[in-house]
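Visitor:
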Amino acid sequence: MRPKAPKAPTRALLPQPVARIVGLAALGALGALEWQRLVGGLSSGRALLWVLVALGAAAAVLGAERLPAGRLRVLALPAVTVIALFLGYWLSGAGLKLLKPHGWDDLLSGLGGGLQALGTVRMPYVSADPWPRIVLELLGAELLILAGLLTFWPRSPRAGDARVPLTPPERGYPFVAVAVLFVVVASPVISLGGTASSLLLGLGLAALTVVFLWLERLPLRPGLGVAGLIAVALLGALPIAAAADRGQPWFDYRSFAESLGPDDPVRFSWNQSYGPITWPRDGNEIMRVSSKEPLYWKARNLDVFFKDGWTTRSEPLDPGPDPLFSLDLPDDVQDAPASWTHTVSVSIRRMRIRDVIGAGTTESITDGSRGVEQGISPGTWDAPSVLRRGDSYTAKVYVPTPTQEQLADATTGAVERQPDERVITVPFKPSEVRSIPRSAASIIAKTKAGPITDAEVHFSSWEGVGADRVSFPGTGRSDFDVDSVMRRSIYEQTWELSKKLKSESAQPMDYVRAVYDYLHGPSFRYVERPPQPPAGQAPLEYFINQTHEGYCQHYAGAMALMLRMAGIPARVATGFSPGGFSARKKAWIVRDTDAHAWVEVWFDKYGWVTIDPTPNATPARSQIAALAPLRGASPPPAAADTGAADAAANTEKPNISVRPELRLGVDEPISGATASDSGGISFWIWALGVLVVAVIVLAVALFLRRPRGKTPMDRAINEVENALERVGRPVTVGTTMTQLERRLGSHSPEVKAYLAALAAGRYALSPPPLPRSGRRALRRALAQGLGFGGGLRALWALPPRVERPAREPRSRTFEVDTTVRVQS
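Residue numbers (the numbering used here): 40 to 863.
(1) Under 8 Å, with one C-beta from each stretch per pair, do the region 618-638 and the region 572-579 reach the 3-pair mark?
(2) Would L177 pass as an interface residue toward chain C - the criterion being a Cβ-Cβ separation below 9 Å?
(3) Taking the C-alpha atoms as reference points, what is the distance between Q532 and I583?
(4) For a test of the three-state rule: what should DSSP assign to P674, helix, strand or coil?
(5) Does the separation of the CB atoms of V305 and L183 fall below 9 Å?
(6) Got a sec, what are the start and stop residues for the alpha helix (DSSP H) S470 sits in?
(7) Across which residues does DSSP place K625 in a beta bridge pair?
(8) I need the DSSP call for I122, collapsed to helix, strand or coil.
(9) Can you tell me whether DSSP reads W647 as helix, strand or coil?
(10) What is the C-beta distance between L837 and E758, in whole angstroms, given that I count them as a contact (C-beta under 8 Å)?
(11) Classify Q443 as helix, strand or coil using the three-state DSSP reduction.
(12) Between which residues of its own chain and R526 is the CB-CB distance below 6 Å, once the five residues before and five after are set aside?
(13) Quick check: what's the CA-CA separation for D716 versus R320?
(14) So the alpha helix (DSSP H) M525 belongs to, where does it begin and stop?
(15) Mind checking which residues open and close the beta strand (DSSP E) that includes S424?
(16) State the Cα-Cα distance for the pair S787 and L779, rounded to the nearest angstrom.
(17) Can you look up D406 in the DSSP assignment and give me helix, strand or coil?
(18) Could you give the DSSP three-state label for K136: helix, strand or coil?
(19) Quick one: is K541 buried, meaning 16 or more other Cβ sit within 10 Å of its Cβ, or exposed?
(20) Tell me, to the nearest whole angstrom, how far the beta carbon of E639 is from that of A622; I am working on the premise that it is less than 8 Å.
(21) Determine the burial state of W318: buried for a count of at least 16 other Cβ atoms within 10 Å of its Cβ, exposed for fewer.
(22) Under the rule that 16 or more other beta-carbon atoms within 10 Å means buried, what is D367, buried or exposed?
(23) What's the gap between the Cα of I325 and the Cα of T433?
(24) Can you confirm whether the region 427-441 touches the region 488-508 when touching is taken to mean that 3 or more C-beta pairs between the two stretches lie within less than 8 Å?
(25) When the Cα atoms are used, what is the spatial distance from L137 to V343?
(26) For a test of the three-state rule: what should DSSP assign to F221, helix, strand or coil?
(27) Enumerate in chain order the residues of its own chain whose CB-to-CB distance from S83 is below 7 Å, with the five nearest sequence positions on each side excluded.
(28) How should D448 be labelled, buried or exposed, when 16 other C-beta atoms within 10 angstroms of its C-beta is the threshold for buried?
(29) Within the same chain, show all residues whose beta-carbon is closer than 7 Å to that of S329, passing over the 5 residues directly before and after it, in chain order.
(30) What does a CB cutoff of less than 6 Å around L446 pick up in its chain, not counting 5 residues either side in sequence?
(31) Who are the Cβ neighbours of R391 in its own chain at under 6 Å, not counting the five residues just before and after it?
(32) Starting from I387, trace the beta strand (DSSP E) both ways and give me its first and last residue.
(33) Figure out for me which residue from K538, S528 and R389 has the closest Cα to the Cα of K468.
(34) Flag this pair as touching only if the region 211-222 and the region 173-192 have three or more C-beta atom pairs under 8 Å; answer yes or no.
(35) Whose C-beta lies closer than 6 Å to the C-beta of C591 among residues of the same chain, with five residues either side of it excluded?
(36) What is the rounded straight-line gap between the Cα of P439 and the Cα of W379?
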């Protein structure tokens, strides 16, 4: 009976490297095209470049493993990793100059801010701030590259692994790599919800996952193998497709990313109480604005003066067929210089606010990370949901900056663009309150009986358009004797002052200058905790005529009030001064100390012109921009705080100029600013950098000082000899392990057992592992007699070490076909 020949082993359909490269390319391409959905405007070609780099990294790791043993092979894998990660960074568009040491601060702050911004921005991301886009592209590229590196990353074989014919060599971490690829594919579904082709996506994802993991195990003649793969793919596609077809995100990434930010974002209220300053003033960066020119960043218009202060309009205006912001522009705005129209990009930092920060008159908002709408006051915009860290947008703004010569004879109020722009509501003095008797109320229609406590005063324009008149809210009565009504009000003294200054002014700008000069008189002082007015007296009346002490709210509110009394349309604007310019960041850095209030004055030909009456050396003004000096006045020194000079007599420069040192981009950290908010590298970043460098140096030193030897026992013996030499106790030539055991074994039984194990295992075929306790005991023995610092010296001489396991010899299976021919 002939013996049965053994069955030949079955060969695989594709070699393992080819099979995994094919699976990586297919699954990586699917992930890159899905990740593309997160970034608006990201081309498919650029996303597929990430896949090419990942494939190159996988092939390079595979090639590095085949290099001859030695230092070249040891350094090849780290070099491949660094180069691949660098290419991923380069493809994200972050900029190579940020990799230089002086750019690390910008890089880390940008990546941190962009990561935190992912909690608030809308996907796909198309907003003005580049860092969320850079973070998204960097994550997509580096995840794919990580999967490529893991695909063939070498690992030490486990002892006793038996290899069957269809089992490929142990190489790489395919299950970890496919998990990373699954993250890349699933993240857009998690963040954006499913698409119309969710079933196809689930089918493709499951099928390609199965291909990536098991294509290398498929036999040359697959037969039922292909059917099994298809069945597994279909079974995997059904639950994945059902989850992807939910139409909503699986995971609330906004809440997760926002939890990475600070717990105490800065908030602002623009209501003017004229009390002590209570808003945050810690020097935190709250906003970053990219603009070619420094502007006053406006949040809100306070265009209504009601009784004791300025407030916002409560009812929207009707612009007719035109957009609402057109009411904030002059009729011939198309003839204005192009330099008065700016495009600015705003990135919100540590702040939460519903007001969309712009400048002058904001005409449009584009590239917003969340929806916005026009505000009640023309030229302002609001966000239905709160703007917060990471939100960004681009604003088109109109900010007129006519020269003082142009303003000298400019008209104002000839045409009323907005109703009630020359109206104030004033309370009467308690002694001047009059009542309407019931008998009169019953006779006159729409008249209610009771006291008349305040009056709504309408002033005619400087040009004489309209008539002075007074209405009494809730009574149906009116009057035309404005002077009599104002003398009965609590603003009698301010009214008399306004009349006096107006009588001395020929043109509206002359009056503006006169009010400005009055508020800059020697008796006025900037204080942050002004005295409070007594009961029955208005804060601004008290400031203008008695205390002369206040801050930006007082100065801006007083000037706008006096301008309206003269028939000049004026309002208070609130927001932020320009801040400090950073040349490195190419943006104006706005901090909470830049919160400010100023005045906007209407001129018929130009629109709303910014005038800042707040004096020099205030927390906001000391950061930035100044009104141009008077004609003929010598400019202040570059290092001095120019503050607000007169706004009325320069024929060469516009109203706003910038301190010279800000044009150079100093961006010095201000008093009270934390290190992380300053322009330089913060302490913790320096400390982290020093720690990283120290770890790298230590790792290189330990690598160079590693023990040499072919076997673990040889390396252990050499390490003991080197350690004795490093602590000043070298062994002499010819010293045997037995002598060394007698010399050091007296310190403790552990040391003796450790050295005995070295001696016994040196020539053993399969030596047992050395006890860790003996190594620690040997280190203690080396430290004895070394005095102070002996423990550190012994640790340096004999550092902790993890011995790599010995490589198992590779086994190979050869098929030998022997034929025996017997000749008779």
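Heads up, the beta-carbon is just placed ideally off N, CA and C, and yes, glycines get one too. Since the structure is predicted, the reported quantities are computational estimates derived from the model, not experimental observations.
Guide: Based on what the coordinates show:
(1) no
(2) Reference to chain C is not applicable here, since this structure consists of a single protein chain.
(3) 9 Å
(4) For P674, the predicted structure reports a pLDDT of 35, less than 50, and the residue's modelled location is therefore unreliable. The matter cannot be settled from this model.
(5) no
(6) Where S470 is concerned, there is no enclosing alpha helix (DSSP H), given that its DSSP letter is neither H nor E.
(7) Bridge partners of K625: none, in fact.
(8) In the three-state reduction of the DSSP assignment, I122 falls in the helix class, which pools H, G and I.
(9) strand
(10) 7 Å
(11) helix
(12) Exclusion of the five residues before and after R526 leaves no residue of its chain whose Cβ lies closer than 6 Å to its Cβ.
(13) For D716, the predicted model reports a pLDDT of 36, less than 50, meaning its position is unreliable and no value from the coordinates is stated.
(14) V521 to R527
(15) Start and end: W420 to L426.
(16) 14 Å
(17) coil
(18) helix
(19) buried
(20) In fact, because the Cβ distance is near 30 Å, the residues do not count as touching under 8 Å.
(21) Looking at its Cβ environment, which holds fewer than 16 other Cβ atoms inside 10 Å, W318 is exposed.
(22) buried
(23) 17 Å
(24) no
(25) 48 Å
(26) helix
(27) L72 and Q75
(28) exposed
(29) Once the five neighbours on either side are set aside, the close Cβ partners of S329 are V383, S384, K625 and A626.
(30) M548
(31) Answer for R391: P304, R306, V425 and R427, listed in chain order.
(32) T380 to I387
(33) S528
(34) Contact between the region 211-222 and the region 173-192 is present, with at least three C-beta pairs closer than 8 Å.
(35) H635, A636 and T653
(36) 5 Å
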